[in-house]
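Every number in the numbering used here is 1480 more than the matching position in the sequence shown, counting from 1.
C-beta atoms are modelled at their ideal positions from N, C-alpha and C, and glycine is treated no differently.
Keep in mind that this is a model prediction, so the values were computed, not measured.
Report on the structure given below.
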Amino acid sequence: MGFYFHHVCDLLQHLEDNQTARSDVRSSAEILREWFAQHRAHFLREDHDIAALLSTLLPEKRSDRVYNIREKKLQTIVGRALILGRSRILQLGRWNTPGSGVTLAECVEGILKQTPNPKSPAEREVTVEEIDGLLHNIASMCQFSSPVVRKSAKDRRLTDRELGLGNLYQRVTARDAKWLTRLILKNFDPIVLDPLVVYRSYNPFLSSILKVQDDFTVAARILATQKRERTVTGRAALAEYLKPALGVKVGRQPWFKGRSIKHCLDMNHGRMSCETKMDGEYCQIHIDLSRGYDCIQIFSKSGKDSTKDRAALHDSIRKSLQLGQPFCPLKKGCILEGELVVYSDKDGKILDFHKIRKHVSRSGSFLGTGQDSQPQPWEHLMIVYYDLLMVDDESLLAVRQSERFGRLKHLVAEVPGRSALVKRQIIDGSRPSATSDLRRAFAECITARHEGLVLKPDDPYFDFDTSRRPYSCCAIKLKKEYVGNFGDIGDFAVVGARFDAAKAKTYGTPRLKWTQFYVGCLDNKDEVLRFHRRPRFVVTNVVELNATQLNTFLTFVNPVSVPEAENDSISLRIEPGIDDGKRPSTIFTDPPVFDLRCFSFDKVGNTGFWSPRFPVVNKIHCDRTYRDTLSFSELQDMAIKEKELPPPDDSQELLGWIAALENADPQSSLIVDASSQATTATTESTIQTLTSPSIASASQNPLAVSSPLPMEQTRTLPEPYIRPQAEVRAAVPGAPPTPPRSSAIQASETITPTRTADKTGSALVRQKKRSYESLDVTEKNNTSPGRTKVRRCSGDQTAATGTTGVSQVSVSTVSSSSNSQREPISDIRASSLRRNSVIRRSCTGTATGVPPRLGGVDSMYQPNLEKFPAAAASTSGQPGSLALPTSTSSHVNSVPAATKIATPPTSSDLSRAAAPPRAAPPPTTATTTTHSEVPDNKATAVVDEQTAPAAVAAGRCCKYLRNLCSLAGCSLLLSPCIADYPWVTEDLLSCHGVREYIRDPRGWLVRDSDGRVKTTTERRLVILVDARRKEPTKTFLNLVGDTGLTYRTGERRWIEVYDWRVLEGLRTDEERLGRDGIASRDTSSGGGHVSSAIRATWRKDWVGLA
1481 MGFYFHHVCD LLQHLEDNQT ARSDVRSSAE ILREWFAQHR AHFLREDHDI AALLSTLLPE
1541 KRSDRVYNIR EKKLQTIVGR ALILGRSRIL QLGRWNTPGS GVTLAECVEG ILKQTPNPKS
1601 PAEREVTVEE IDGLLHNIAS MCQFSSPVVR KSAKDRRLTD RELGLGNLYQ RVTARDAKWL
1661 TRLILKNFDP IVLDPLVVYR SYNPFLSSIL KVQDDFTVAA RILATQKRER TVTGRAALAE
1721 YLKPALGVKV GRQPWFKGRS IKHCLDMNHG RMSCETKMDG EYCQIHIDLS RGYDCIQIFS
1781 KSGKDSTKDR AALHDSIRKS LQLGQPFCPL KKGCILEGEL VVYSDKDGKI LDFHKIRKHV
1841 SRSGSFLGTG QDSQPQPWEH LMIVYYDLLM VDDESLLAVR QSERFGRLKH LVAEVPGRSA
1901 LVKRQIIDGS RPSATSDLRR AFAECITARH EGLVLKPDDP YFDFDTSRRP YSCCAIKLKK
1961 EYVGNFGDIG DFAVVGARFD AAKAKTYGTP RLKWTQFYVG CLDNKDEVLR FHRRPRFVVT
2021 NVVELNATQL NTFLTFVNPV SVPEAENDSI SLRIEPGIDD GKRPSTIFTD PPVFDLRCFS
2081 FDKVGNTGFW SPRFPVVNKI HCDRTYRDTL SFSELQDMAI KEKELPPPDD SQELLGWIAA
2141 LENADPQSSL IVDASSQATT ATTESTIQTL TSPSIASASQ NPLAVSSPLP MEQTRTLPEP
2201 YIRPQAEVRA AVPGAPPTPP RSSAIQASET ITPTRTADKT GSALVRQKKR SYESLDVTEK
2261 NNTSPGRTKV RRCSGDQTAA TGTTGVSQVS VSTVSSSSNS QREPISDIRA SSLRRNSVIR
2321 RSCTGTATGV PPRLGGVDSM YQPNLEKFPA AAASTSGQPG SLALPTSTSS HVNSVPAATK
2381 IATPPTSSDL SRAAAPPRAA PPPTTATTTT HSEVPDNKAT AVVDEQTAPA AVAAGRCCKY
2441 LRNLCSLAGC SLLLSPCIAD YPWVTEDLLS CHGVREYIRD PRGWLVRDSD GRVKTTTERR
2501 LVILVDARRK EPTKTFLNLV GDTGLTYRTG ERRWIEVYDW RVLEGLRTDE ERLGRDGIAS
2561 RDTSSGGGHV SSAIRATWRK DWVGLA
């Protein structure tokens, strides 16, 4: 008997209801685990199809299946199956109407709610296996499915496909029809299932198996075998049992983005391989000599078999591995990783990425080549190898990267222009010169016009040990576009928009009409400015906004729009390759302005011109018009200058980039003497150390003066980096799937911006005039020498020699005065760390959120180390009022209901909360077994001077102030909103030596020797919340109040509550104090008083008492 589909729909509907609920919100991971436990009996049956279940829960993982069915085609199939009349067909098509707020799946549900299907008997209920078999058969008839899927076709008649789907829609309920529609479209939005949670909920070993053999069917066979043989009893035994198999794709390592040189070195402290990142297509190459001449099999990054599509690469692979030759080093086969690129014998170099589509087909069809030149005889495919995963049945997944690359060098014979090993050099992250070495290597990569660097630790490819250090076995991508403002391009006009029902559902904005925005450049800018001709735009890209940016756009901009057929204000040129041929449904007669940043430039298929690659909206400008945007010719010149100009012969640009990277690096003021900078020399290359010029020295250096790089003297701190999700998504009541945002910019603060004069040789000139008061302060930082944004300010009194002008500018809200210009709004790079050094000018500060990788920390407890700074006193001075300090912080006032969390505190309660902790009680055990309790004595954290360096290296004490850290002796309770964000737990807390905390207030309760729950511990207790999330914070603090924490005397205990952003301020303050040699506590008085800077930081992020 199969597994009924309505059970899966129960889970999906529960997750959707939980996501939209306002109270009693639970963790998605918890709901998933309960659902799997509920159906565990069925999953243990011998006839259960694991692959069918996983394919249903995670349809996006089946990249080998392409159904060639989108919304319009599926609407037709459903209409025929349900025999709908004309009026109901129109009702079914409401999803395509902008502002309707419904998707096709919800329209299908509405139709079946009005006229439900007859209830099917039990023997005709739809099962997961039946749906999976039908979808597999549909995919087998599509040419874009993988060869294995296409070979399994049972019936190739199109009518059978439509009849099969129609039969399913006739047998399901309205709710199940909604989820069936989303399953066919491979999009469960707004529900997002974390694959790791699904794998681990089904079987603890499943995620490890899929790392080694990334195929649901193969993983199901391995689990079935282990269920019968029971040979694997733990992860260690599983690691020995598992090994790659020829013909089955191996999963890829986790990848992170490096946001600065310091960020990269923070993630990797040991030896690392610094490799040149090739701008090509990923290839995982399987060589199986038992198959004779056809021994080559190639998998793409998505997991699809692309052996035939990349047939032009086979000859290069054969020559590099000497296949078919008597001296071939292989006996059985191997698995390699590499990058496919196009090489030109005429130019003697690797060509740009867009050249690949002329040489590589997509399931037998060459797509997007309509306006490309013909393949030239001197152009051919080349493979660049960089890793070896298996050789002759010997798995290398547990072998260190240095040894794997050594084996790869002995295996591959390099053929010029056909095959090569990736260029690399070894950098020892533990050496004092590591920062300078990596900075110089990155600058050389940029000046050589390479894509970037890939940093790989000297670790195994996979490590199944649960106690491994953070970021081990992970590769780091470092590109200049990831660092600061180096990826900024300029202003583009937003000429139109279109509506996508599924995307609109993810925003949660009612009556939303626009989801994708068409941006372009003026093609007749001179005529528009001089003769006021009708503007003619060339559309270059289609971009999306995040939720905050979209709300800002609708609130502050909301341009006048007309249907495309009624447009007579502007002229548009939209090439067929833009947005896969989709046209805008709405045209903006007076186009607003977006400031874009991008990864690089590319020629998109069927366009024939250069356009930004992977563009992201940086800002939404209200103070500019389309006349101030880039012209199309300026964009093309900018791209040609960056992509096609050869690197300079002198070291001028290199020195400029080194200085720029040093300026972009947070706290990078330490300069190491060149004579002491020793690095590890390798056969690939020897690192030539060079002292990175500081900003001060660069400004005095003649080379730096003539460099096209604007040299500023203000450093910026890094924005919180975003990491891909890798583990369990945390349960947060009403929490969006974005990381906690940084502190808001205070409107009353005073800033000191710097301005930069125009520099000769800039690849990117911003021809925009605006007042100096509207200048974005952060534009002075991290400006690329190769792609510089120069803002000409009308009020600029700076000398043309490039000197820096300084002025005091007071940040305020948007003024209603007619003389003031509106600020640029919705800057996605608003950063909590950057606010400590420079303040930005924007109407609305936002942060783009790709969900971070969540650490699998279940529950931790912080031992009592030292005294905690006293809580801020009540500002009202009256019992019953919430103690809030005077502060302009926006997030402090975002919990207005905090006074309702518990009964009002009495004056004795408030004084008790601020009193020093009493004598430490004897060690006790927490009531919940998941929390680890450390004996409550001071000796557990205090380290002497001899053991302090080792303790800091092990993360057992603060790396800034050691025993004098402000968090020493503090027991932390983290709200669910922040407990699983690595930025808080792995970065902010770990730098203070905090390795344990709790997530449940019941962890503060203790038991006596008889097992009875008694009063709470006497240590200093602190709660960290995300104060901007009002409802989740209120719910969590209510839970704290219900716990009933008291002193041993029975008096009620009030606990200090702070916003989590206090950790950012503490880190900055303590790092400064540690660097200056100033202790954060006045130990001479014996009172444990903190410095005024530390007290101000605590007071600023004070929320109240719970």
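Straight-line gap, residue i to residue j (C-alpha atoms, nearest Å)
i, j, result
"Asn2098", "Asp2075", "5 Å"
"Val2537", "Ser1508", "26 Å"
"Glu2253", "Gly2473", "Residue placement at Glu2253 is flagged as unreliable, the pLDDT there being 35, under the threshold of 50; a coordinate-derived value is accordingly withheld."
"Ile1569", "Ile1557", "11 Å"
"Gln1623", "Ile1549", "13 Å"
"Ala1704", "Asn1498", "34 Å"
"Asn1597", "Ile1611", "18 Å"
"Arg1710", "Ile1664", "37 Å"
"Asp1785", "Trp1735", "22 Å"
"Arg2479", "Gly2545", "22 Å"
"Leu1868", "Pro1940", "11 Å"
"Ser1824", "Ile1969", "29 Å"
"His1794", "Ile1776", "7 Å"
"Arg1991", "Thr2035", "14 Å"
"Lys1707", "Glu1931", "47 Å"
"Thr1927", "Pro2462", "34 Å"
"Leu1831", "Asp2506", "48 Å"
"Thr2548", "Arg2579", "15 Å"
"Leu2485", "Asp2539", "23 Å"
"Asn2004", "Asp2070", "16 Å"
"His1616", "Asp1527", "19 Å"
Identity of the residues DSSP links to residue i by a beta bridge
i, result
"Trp2582", "Tyr2538"
"Thr1756", "Leu1933"
"His1766", "Gln1777 and Ile1815"
"Asp2082", "Ser2091"
"Gly1970", "Leu2076"
Assigned exposure category for residue i - 16 Cβ within 10 Å defines buried
i, result
"Arg1545", "buried"
"Ile1563", "exposed"
"Ile1591", "buried"
"Lys1552", "exposed"
"Asn2026", "buried"
"Lys1811", "exposed"
"Arg2499", "buried"
"Pro2064", "buried"
"Ile2067", "buried"
"Ser1740", "buried"
"Lys2083", "buried"
Limits of the alpha helix (DSSP H) - the one that residue i falls within
i, result
"Met1621", "From DSSP, Met1621 is part of no alpha helix (DSSP H); its letter is neither H nor E."
"Cys2001", "It is not in any alpha helix (DSSP H) - Cys2001 instead sits in the beta strand (DSSP E) that spans Gln1996 to Leu2002."
"Val2018", "Element bounds for Val2018: not the alpha helix (DSSP H) but the beta strand (DSSP E), Arg2016 to Val2023."
"Ser1681", "Pro1675 to Tyr1682"
For residue i, the three-state DSSP class (helix, strand or coil)
i, result
"Gly1976", "strand"
"Lys1788", "coil"
"Gly1646", "helix"
"His1519", "coil"
"Lys1799", "helix"
"Pro1539", "helix"
"His2012", "coil"
"Cys2450", "strand"
"Tyr1823", "strand"
Continuous beta strand (DSSP E) stretch holding residue i: start and end
i, result
"Ala1699", "Ala1699 -> not in any beta strand (DSSP E); alpha helix (DSSP H) instead, spanning Phe1696 to Glu1709."
"Thr2066", "Thr2066 to Phe2068"
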